[in-house]
Amino acid sequence: MLLSTPSRYRRRLFTVSLRFSAKSNISSSSSQAKLLNPPDEDCRGFLPWLEEKAGAEISTKLYIGKSSYGRSLFASQHIQRGDCILKVPFKAQIAPDNLPRDVKVILVDEVDHVSMVAVAILAETKHGKDSRWAPYISCFPRLEEMNSTVFWSEDELNMIYGSTVYEETIKQKFIIRDAFSKIRPDVSSISSLYQFGMGRISITTPEVLETFPEVFGSILYEDFMHAYALVKSRAWECPKGVSLIPFADFLNHDGFSEAIVVNDEEKQESEVTADCNYAPEGEVRISYGKLANATLMLDFGFTIQHNIHDQVHLASEQ
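Residues -14 to 303 (our numbering) make up the sequence shown, in order.
Shown next, in the form of structure tokens:
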């Protein structure tokens, strides 16, 4: 069994450390119990779709609902510490192997795993509702909903100038731009235009993306940036590099949680085991890793009050 920690790949929602939800209320106009955290009607068919795709049961203990932070997973029954709460086969995950064979051959030596999964997302997005991953991709945050500091404007970044978050954000923007340049080499000639902004400049010299127009269509830098940030904030490390794990990536972060994603290479599946007891309707959370607030802000767009893993960087005078 290979333990897989989030290693900075997860998502964006601010969470706190309380892991239990109050029990159901009784409506004054009805004798039936009213759920405090009702299922997300937009996602009611998601789990059946995923289980059909996986050819296996994913979870009987969790359902998709909405908390004040967005989509989340809640306990559908009492959960005991040590219970396996979900299992997702590798074949039902989006990994570098999901790229079309011809595209993968071109990218494999030049592009990192995060970029490869980002390109896979772009390929599936091109197909819209005809994509085999459409029910999953439709759940991704839109560009304007991304909270990572890489999407901040120049004025917004200047407000945190000199901080660790500022420095790491600038580094991350260059990493994304460099990754894009390996797919579209001509981007380097206009890289300065993207130091802070997200301009909708269409690159005209085709390379990997436009070599396969039937797969990708017309891809802009901001499309790649969006896909890259989605992977950074939602994916986990896996035997194939990194992978997006449907359903599991609705789990929010708890800085005190000890629950993580575990990859079982023998069973070819990823699973999560509860690290504490949950009452029905309680939001179930896991750890994205022992991450400082600067990292959480950069990758996911949130910070945690009283973060026990927070760090302070002191610059020494030369």
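No residue lacks a Cβ here, since even glycine has one placed at the ideal position from N, Cα and C.
Pairing Glu36 with Gln78, the inter-Cα distance amounts to about 12 Å. For Ala264, the closest C-alpha among the options Lys46, Val102, Gly274 and Thr258 is that of Lys46. In this structure the region 139 to 147 does not lie against the region 55 to 73, because fewer than three pairs of beta carbons, one per stretch, are closer than 8 Å. Straight across, the Cα-Cα distance linking Val99 with Leu21 is about 37 Å.
With fewer than 16 other beta carbons inside 10 angstroms of its own, Cys69 counts as exposed.
Short of 7 Å from the beta carbon of Ala233, and not among the five residues preceding or following it, lie these beta carbons of its own chain, in chain order: Leu71, Val73, Val246, Ser255 and Val257. The beta carbon of His211 sits closer than 6 Å to the beta carbons of Leu128 from its chain, once the five residues preceding and following it are set aside; these are given in chain order. Under the 10 Å beta carbon count, Lys158 is surrounded by 16 or more other beta carbons and is classified as buried.
Spanning the alpha carbons of Asn83 and Phe285 requires a straight line of approximately 24 Å. DSSP places Pro81 in the helix class (H, G or I) of the three-state scheme.
Using a Cβ distance threshold of 7 Å, Gly40 and Pro24 do not count as a contacting pair. Boundaries cannot be given for Arg66, as no alpha helix (DSSP H) includes it and DSSP labels it neither H nor E.
Pairing Arg56 with Phe235 gives a Cβ-Cβ distance under 7 Å. In this structure, the CA atom of Tyr206 is about 41 Å from the CA atom of Ser61.
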